[in-house]
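One gets this note's numbering by counting positions in the sequence shown from 1 and adding 51 to each.
Ideal Cβ placement from N, Cα and C applies to all residues, glycine included.
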Amino acid sequence: VQLQASGGGLVQPGGSLRLSCAVWGNIFSSPSSMGWYRRAPGKQRELVAIATRDGTLKYTDSVKGRFTVSRDNAKNTAFLQMDRLRPEDTAVYFCNAVVRGVPQWGRGTLVTVSS
Numbered sequence: 052v053q054l055q056a057s058g059g060g061l062v063q064p065g066g067s068l069r070l071s072c073a074v075w076g077n078i079f080s081s082p083s084s085m086g087w088y089r090r091a092p093g094k095q096r097e098l099v100a101i102a103t104r105d106g107t108l109k110y111t112d113s114v115k116g117r118f119t120v121s122r123d124n125a126k127n128t129a130f131l132q133m134d135r136l137r138p139e140d141t142a143v144y145f146c147n148a149v150v151r152g153v154p155q156w157g158r159g160t161l162v163t164v165s166s
């Protein structure tokens, strides 16, 4: 199982970015959950947003109303639309998918919010 993430980069405060994550391999069924975690400089990794297979969405409080997580179950792909970005959103973002009960991780992608 492999996770291929794309997106990220440098954006000014108030700007937007979109992350995507595709799951590849012998997964047999759509991951039970897909989403993103992040690790900011000097901080522990934290959950950002996840979307379960049945449509449940979960966000950390600091991104509610600004970030939107979605997924395409047919393509085993998840998306994170990040709007009204803030400097404190700067972090390495990691795609996560739970496949047959096992968490799988993609390579981190750096998001930098700075003027």
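Listed as beta-bridge partners of Phe-145 by DSSP are Tyr-88. When DSSP reads this structure, Ile-101 sits in a beta bridge with Gly-86 and Lys-109.
Per the Cβ contact rule, the region 85 to 102 is in contact with the region 141 to 160 (3 or more Cβ pairs under 8 angstroms). About 7 angstroms separates the beta carbons of Ser-165 and Leu-61, which is inside the 8 angstroms limit, making them a contact pair. The residues Val-99, Ala-100, Phe-118 and Val-120, in chain order, have a CB closer than 8 angstroms to that of Tyr-110 in the same chain once the five nearest residues on each side in sequence are set aside.
Using a Cβ distance threshold of 7 angstroms, Ala-129 and Arg-137 do not count as a contacting pair. Looking from the CA of Gly-66, the closest CA among Met-133, Trp-156 and Gly-152 belongs to Met-133.
Cβ-Cβ distances below 7 angstroms link Arg-90 to Arg-96, Ala-142 and Val-143 in the same chain, with the five nearest sequence neighbours on each side left out; the list follows chain order.
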